[in-house]
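Trainee: I have a structure here, written as structure tokens, and I will follow up with some questions on it.
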Amino acid sequence: MARYPGLSVPGLLRLSDYVGTASFAVTGSLLAAGVGADLLGCAVIGTTTAVGGGTVRDLLLGNGRRAFWMEEVEYLYISLAAAVAAFLLWPAAERGLGLGLNDAWLEATDALGVGAFCVIGAMNGLRAGVPPVAAVVCGVVTATFGGAIRDVLCERPVRILHSYASMYATAAAGGATIYVLVRLAGLPTPARILAGVFTGMALRAASEHWDLRLPVYDSDTARQTAAAKGDHRGFP
Amino acid sequence: MARYPGLSVPGLLRLSDYVGTASFAVTGSLLAAGVGADLLGCAVIGTTTAVGGGTVRDLLLGNGRRAFWMEEVEYLYISLAAAVAAFLLWPAAERGLGLGLNDAWLEATDALGVGAFCVIGAMNGLRAGVPPVAAVVCGVVTATFGGAIRDVLCERPVRILHSYASMYATAAAGGATIYVLVRLAGLPTPARILAGVFTGMALRAASEHWDLRLPVYDSDTARQTAAAKGDHRGFP
Amino acid sequence: MARYPGLSVPGLLRLSDYVGTASFAVTGSLLAAGVGADLLGCAVIGTTTAVGGGTVRDLLLGNGRRAFWMEEVEYLYISLAAAVAAFLLWPAAERGLGLGLNDAWLEATDALGVGAFCVIGAMNGLRAGVPPVAAVVCGVVTATFGGAIRDVLCERPVRILHSYASMYATAAAGGATIYVLVRLAGLPTPARILAGVFTGMALRAASEHWDLRLPVYDSDTARQTAAAKGDHRGFP
Chain F
1 MARYPGLSVP GLLRLSDYVG TASFAVTGSL LAAGVGADLL GCAVIGTTTA
51 VGGGTVRDLL LGNGRRAFWM EEVEYLYISL AAAVAAFLLW PAAERGLGLG
101 LNDAWLEATD ALGVGAFCVI GAMNGLRAGV PPVAAVVCGV VTATFGGAIR
151 DVLCERPVRI LHSYASMYAT AAAGGATIYV LVRLAGLPTP ARILAGVFTG
201 MALRAASEHW DLRLPVYDSD TARQTAAAKG DHRGFP
Chain U
1 MARYPGLSVP GLLRLSDYVG TASFAVTGSL LAAGVGADLL GCAVIGTTTA
51 VGGGTVRDLL LGNGRRAFWM EEVEYLYISL AAAVAAFLLW PAAERGLGLG
101 LNDAWLEATD ALGVGAFCVI GAMNGLRAGV PPVAAVVCGV VTATFGGAIR
151 DVLCERPVRI LHSYASMYAT AAAGGATIYV LVRLAGLPTP ARILAGVFTG
201 MALRAASEHW DLRLPVYDSD TARQTAAAKG DHRGFP
Chain P
1 MARYPGLSVP GLLRLSDYVG TASFAVTGSL LAAGVGADLL GCAVIGTTTA
51 VGGGTVRDLL LGNGRRAFWM EEVEYLYISL AAAVAAFLLW PAAERGLGLG
101 LNDAWLEATD ALGVGAFCVI GAMNGLRAGV PPVAAVVCGV VTATFGGAIR
151 DVLCERPVRI LHSYASMYAT AAAGGATIYV LVRLAGLPTP ARILAGVFTG
201 MALRAASEHW DLRLPVYDSD TARQTAAAKG DHRGFP
């Protein structure tokens with residue numbers, strides 16, 4: 001990947017990474033605002049949503065690594081700026097410009113983020129020398145764990161576990177797998193990147209459009225099963 | 001510990017580790033299914049339950065380590081296979097074979113997992129050169145944090161904190177402590193391993209059988225205390 | 001920072017670190033007791049509250065680091081002892097000595113902890129060679145993530161995100177920023193430490209005293225926004 005955005009495919013991947021980072025920070029911040037977090041809380045949650053997945057990937061890969069945003073500080077600036085701006089400007093933008101959380105531009109930049117994150121995660125894994133299957137896990141972790149941490153901190157059901165809000169983790173797994181396969185097939189860098197990013201974005205868009213869902217258990221049986229295993233609280 | 005299962009004591013420890021990993025993945029996956037996670041969500045939760053404790057231990061020990069399943073990929077395969085198989089086959093196995101989540105074979109493999117994990121964790125700590133007390137913490141973390149992450153992701157009360165579902169963390173602490181003490185006493189490897197694993201399993205079985213519990217606070221006072229400290233939500 | 005407490009400013013910083021660690025462990029343990037955790041659960045939560053922030057900082061800084069309490073084991077002893085003592089002795093102390101969770105000595109030691117933790121975190125960051133803004137993040141993480149993990153494990157709203165329980169994270173951010181600025185300005189070690197610790201403590205005390213709060217969203221709009229984004233559960 002190029003160090004900075006540019007017009008080559010690696011440069012566009014970096015640009016997509018910036019755009020996805022900002023988009024994740026915006027939605028994370030607004031979601032935190034929605035559960036009553038204050039300005040700093042929204043900055044923390046927005047930033048965690050944006051850089052959390054890549055951070056967990058760096059911790060898992062270890063080997064002397066450091067959380068990437070400690071050195072590539074621009075990710076910290078992008079995340080903080082996007083999260084704070086969202087908190088401060090969103091109410092006015094909703095009223096004045098008619099923006100909404102289901103707008104196509106927000107869905108599109110989020111999908112671009114998923115595509116870029118899963119490819120960059122898998123790329124980091126392969127470069128660190130882990131086996132292909134572990135590199136795919138790196139891609140999934142990069143694209144999804146920021147959102148998972150956000151959901152835990154905001155006390156929401158963790159989105160990546162559930163199908164009701166589109167096949168998020170599945171899209172990341174698909175994108176990362178295609179990237180790794182195309183790379184193992186020996187195709188050049190631009191082809192790998194484009195194939196992975198496109199697959200991730202396409203799976204996400206397709207699942208939204210045709211309302212595709214992975215199978216789940218019948219919930220009544222499920223509740224009894226869980227209760228039998230020692231959860232005396234019942235489920236919502 | 002032996003690299004692969006075998007008939008020596010270290011080889012049996014590795015085998016117990018595989019069996020415990022699969023058992024944790026099965027129960028994690030079914031618990032996630034019980035709160036409405038889809039197929040991929042159950043694979044993620046099952047795998048996290050199985051390898052999460054050892055992963056946190058590796059992160060805490062640091063010093064250039066990498067999450068163990070990034071290199072010993074067989075743990076990833078065992079976890080994913082067990083979690084996916086449980087999701088897909090459990091309903092049929094419940095009906096056709098009469099299997100249940102409280103079956104003795106599932107309790108036994110879970111207990112074997114706790115015994116193996118706490119010993120392996122403490123062993124990793126001592127080999128990394130940390131003081132004995134920190135090695136015991138490594139054992140407890142290895143045996144319990146996978147389940148703790150599972151409970152957080154599934155929005156359940158964290159089992160290791162509570163006594164209502166048996167003395168889980170206490171069994172791990174006991175097994176890890178005995179392993180470290182026997183090792184400090186200079187006994188040979190097989191004796192250390194057997195003493196630690198047996199202690200962990202025996203404590204777990206004893207707490208189930210005699211319904212042993214650690215002390216807790218009276219909950220009414222407790223709720224008021226918590227409310228007074230700033231929790232305006234009350235407790236369930 | 002001095003390796004052990006003493007009468008120099010660095011030695012007093014170490015002492016404040018010990019006092020803050022014990023104070024965090026006491027309140028963490030009592031909070032866990034308040035949600036029904038047993039003795040070992042309270043020891044785990046108390047210790048996590050006390051050393052969790054510094055641990056996350058060490059993981060993020062990486063580069064071969066290890067969780068600090070694995071080598072400076074005295075932090076493990078202080079945390080465990082304070083958490084266990086709080087669990088066992090608090091009910092009697094409440095009745096016999098009239099102690100309470102809102103006592104000034106507990107607020108003061110907690111504030112001392114925040115001040116010391118944010119300075120020590122930022123100091124660790126700068127010594128590790130990260131840019132100033134990342135060092136400030138290290139300070140905030142050190143002072144606040146232990147409490148955040150505690151809240152997640154206890155299924156409470158995460159305090160640092162909300163303003164209803166005083167400007168906790170803001171105080172840490174202020175203290176860490178002042179420490180970094182004074183250090184960049186070239187002032188000697190004692191001046192940096194005192195400026196940072198004092199700022200953190202003063203911001204925390206001021207927010208308590210004048211009931212200062214950061215802005216939050218109107219919660220009705222917020223709930224609808226969140227629901228529109230896919231949370232089908234509604235918010236408490």
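Taken in order, these protein sequences are the chains called F, U and P. Counting with my numbering, you get residues 1 to 236 for the letters of the first sequence. Counting with my numbering, you get residues 1 to 236 for the letters of the second sequence. Counting with my numbering, you get residues 1 to 236 for the letters of the third sequence. A virtual CB, placed ideally from N, CA and C, is assigned to each residue, including glycine.
Using a Cβ-Cβ cut-off of less than 8 Å, list which residues of the segment 53–75 of chain P approach chain C; keep chain order.
Mentor: Here the protein chains are F, U and P, and chain C is not one of them.
Trainee: Quick test of your reading: F/T170 and F/L126, contact by CB under 8 Å. State the CB separation rounded to the nearest angstrom.
Mentor: Within the first sequence, residue 170 of chain F is the residue found at index 170, counting from 1. Within the first sequence, residue 126 of chain F is the residue found at index 126, counting from 1. Not a contact, Cβ separation roughly 21 Å.
Trainee: Run down chain U in chain order and give the residues with a C-beta less than 9 Å from the C-beta of F/A2.
Mentor: For this step, residue 2 of chain F is matched to residue 2 along the first sequence. Chain U residues near F/A2: none, gap ~26 Å exceeds 9 Å.
Trainee: Beta-carbon separation of P/A176 and P/G121 under 8 Å?
Mentor: Counting from one through the third sequence, the residue named residue 176 of chain P turns up at place 176. Counting from one through the third sequence, the residue named residue 121 of chain P turns up at place 121. Contact: yes.
Trainee: Check whether the segment 2–15 of chain F and the segment 31–48 of chain F are in contact - that is, three or more C-beta pairs closer than 8 Å.
Mentor: no
Trainee: Look at the Cβ atom of F/R57, then the Cβ atom of F/N102, and state whether they are nearer than 8 Å.
Mentor: Residue numbering aside, residue 57 of chain F sits at position 57 when the first sequence is read from its first letter. Residue numbering aside, residue 102 of chain F sits at position 102 when the first sequence is read from its first letter. Taking 8 Å as the Cβ cut-off, F/R57 and F/N102 do not qualify as a contacting pair.
Trainee: So the alpha helix (DSSP H) U/A185 belongs to, where does it begin and stop?
Mentor: The sequence position of residue 185 of chain U within the second sequence is 185, counting from 1. First-last for U/A185: undefined, no H or E at that position.
Trainee: For U/H162 versus P/G41, is the C-beta distance shorter than 8 Å?
Mentor: For this step, residue 162 of chain U is matched to residue 162 along the second sequence. For this step, residue 41 of chain P is matched to residue 41 along the third sequence. Their beta carbons are under 8 Å apart, which means U/H162 touches P/G41 by this criterion.
Trainee: Going by C-alpha distance, which of U/C138, U/A86, U/V152 is nearest U/A22?
Mentor: In the second sequence, residue 22 of chain U corresponds to position 22, counting from 1. Answer by Cα proximity: U/A86.
Trainee: Report the start-end ranges of each alpha helix (DSSP H) in the segment 13–69 of chain U that is 4 residues or longer and not cut off at the edges.
Mentor: 39–61
Trainee: Would you mind telling me which residues of chain U sit closer than 7 Å to P/E155, beta carbon to beta carbon, in chain order?
Mentor: Stepping through the third sequence from its first residue, residue 155 of chain P is reached at position 155. Simply P157.
Trainee: How should F/L97 be labelled, buried or exposed, when 16 other C-beta atoms within 10 angstroms of its C-beta is the threshold for buried?
Mentor: Against the first sequence, residue 97 of chain F aligns to sequence position 97. It is exposed - the Cβ of F/L97 has fewer than 16 other Cβ atoms within 10 Å.
Trainee: Using only alpha-carbon positions, find the residue among F/L194, F/L153, F/I78 that is nearest to P/I252.
Mentor: Summary: the structure shown does not reach residue 252 of chain P, with chain P confined to residues 1 through 236, and so no result is reported for it.
Trainee: Against chain P, with Cβ distances strictly below 8 Å, would U/L161 count as a contact?
Mentor: Here residue 161 of chain U is taken as the residue at index 161 of the second sequence, counted from 1. So, interface residue.
Trainee: When the Cα atoms are used, what is the spatial distance from P/R66 to P/S29?
Mentor: Sequence index remark: in the third sequence, residue 66 of chain P carries index 66 (1-based). Sequence index remark: in the third sequence, residue 29 of chain P carries index 29 (1-based). Looking at the two C-alpha atoms, the distance is approximately 25 Å.
Trainee: Could you give the DSSP three-state label for F/V216: helix, strand or coil?
Mentor: Sequence index remark: in the first sequence, residue 216 of chain F carries index 216 (1-based). In the structure shown, F/V216 sits in coil (DSSP, three-state: anything other than H, G, I, E or B).
Trainee: By the 10 Å Cβ neighbour count, where 16 or more other Cβ atoms means buried, how is U/S79 classified, buried or exposed?
Mentor: Taking the second sequence and counting its residues from 1, one reaches residue 79 of chain U at position 79. With 16 or more other Cβ atoms from the protein chains shown falling within 10 Å of its own Cβ, U/S79 counts as buried.
Trainee: If you run the structure through DSSP and keep just helix, strand and coil, what is P/D231?
Mentor: The residue you call residue 231 of chain P lines up with position 231 of the third sequence. Model confidence at P/D231 stands at a pLDDT of 43, short of 50, so the residue's coordinates are unreliable; what they give is reported in the following sentence. In this structure, P/D231 counts as coil in the three-state DSSP scheme.
Trainee: Locate the alpha helix (DSSP H) running through U/A128, then write down its first and last residues.
Mentor: Numbered from 1 along the second sequence, position 128 holds the residue referred to as residue 128 of chain U. Looking at the DSSP string, U/A128 is not in any alpha helix (DSSP H), and its letter there is neither H nor E.
Trainee: Any beta-carbon of chain P closer than 8 Å to the one on F/G41?
Mentor: Here residue 41 of chain F is taken as the residue at index 41 of the first sequence, counted from 1. Yes, contact with chain P.
Trainee: Is there a C-beta anywhere in chain U that falls below 8 Å from the one on P/D38?
Mentor: Locating residue 38 of chain P in the third sequence gives position 38, where the first residue counts as 1. Judged by the 8 Å Cβ criterion, P/D38 is in contact with chain U.
Trainee: List the residues of chain F whose Cβ lies closer than 7 Å to the Cβ of P/L214, in chain order.
Mentor: For this step, residue 214 of chain P is matched to residue 214 along the third sequence. Within 7 Å of the CB of P/L214, the CB atoms of chain F belong to D38, L39, L40, in sequence order along the chain.
Trainee: Within the continuous alpha helix (DSSP H) that includes P/I78, where are the two ends?
Mentor: Along the third sequence, read from residue 1 onward, the residue named residue 78 of chain P stands at position 78. Segment 74–96, the alpha helix (DSSP H) holding P/I78.
Trainee: Three or more beta-carbon pairs under 8 Å between the segment 182–200 of chain P and the segment 7–16 of chain F, yes or no?
Mentor: With the cut-off at 8 Å, the segment 182–200 of chain P and the segment 7–16 of chain F do not touch.
Trainee: Should the segment 141–151 of chain F be regarded as contacting the segment 136–151 of chain U, the criterion being three or more beta carbon pairs within less than 8 Å?
Mentor: no
Trainee: Assign F/N102 to one of three DSSP states: helix, strand, or coil.
Mentor: Within the first sequence, residue 102 of chain F is the residue found at index 102, counting from 1. Three-state DSSP puts F/N102 in coil, outside helix and strand.
Trainee: Could you have a look at U/M1 and say whether DSSP puts it in helix, strand or coil?
Mentor: For this step, residue 1 of chain U is matched to residue 1 along the second sequence. DSSP places U/M1 in coil when its eight states are reduced to three.
Trainee: Against chain F, which members of the segment 168–189 of chain P pass a CB distance test of less than 8 Å?
Mentor: For the segment 168–189 of chain P, the set of residues with a beta-carbon nearer than 8 Å to any beta-carbon of chain F comprises A169, T170, A173, in chain order.
Trainee: Give the DSSP-derived three-state secondary structure of P/L153 in the structure shown.
Mentor: Locating residue 153 of chain P in the third sequence gives position 153, where the first residue counts as 1. Of the three classes helix, strand and coil, the one that applies to P/L153 here is helix, per DSSP.
Trainee: Would you grab the beta carbon distance between F/A172 and F/V140 for me? Rounded to a whole angstrom, and I think it's under 8 Å.
Mentor: Here residue 172 of chain F refers to the residue found at position 172 of the first sequence. Here residue 140 of chain F refers to the residue found at position 140 of the first sequence. Right, the Cβ-Cβ distance comes to about 5 Å (below 8 Å), so this counts as a contact.
Trainee: Using the beta-carbon of each residue, which ones in chain U are nearer than 7 Å to P/I193?
Mentor: Taking the third sequence and counting its residues from 1, one reaches residue 193 of chain P at position 193. What P/I193 touches in chain U: nothing, since even the nearest Cβ is about 26 Å away.
Trainee: What did DSSP end up calling P/G11 once you bin it into helix, strand or coil?
Mentor: For this step, residue 11 of chain P is matched to residue 11 along the third sequence. Helix.
Trainee: Rounded to whole angstroms, what's the CA-CA distance from U/L184 to U/E155? Just pull it up for me.
Mentor: Position 184 of the second sequence, counting from 1, holds the residue named residue 184 of chain U. Position 155 of the second sequence, counting from 1, holds the residue named residue 155 of chain U. Annotation: U/L184 to U/E155 spans about 40 Å, alpha carbon to alpha carbon.
Trainee: Any beta-carbon of chain F closer than 8 Å to the one on U/I45?
Mentor: If you number the second sequence from 1, residue 45 of chain U lands on position 45. With 8 Å as the cut-off, U/I45 counts as an interface residue toward chain F.
Trainee: Can you tell me whether U/M167 is helix, strand or coil according to DSSP?
Mentor: The residue given as residue 167 of chain U occupies position 167 in the second sequence. Shown here, U/M167 sits in coil according to DSSP, grouped into three states, outside any helix or strand.
Trainee: Is any beta-carbon of chain U found at less than 8 Å from that of P/A122?
Mentor: Locating residue 122 of chain P in the third sequence gives position 122, counting from the first residue. Closer than 8 Å: no.
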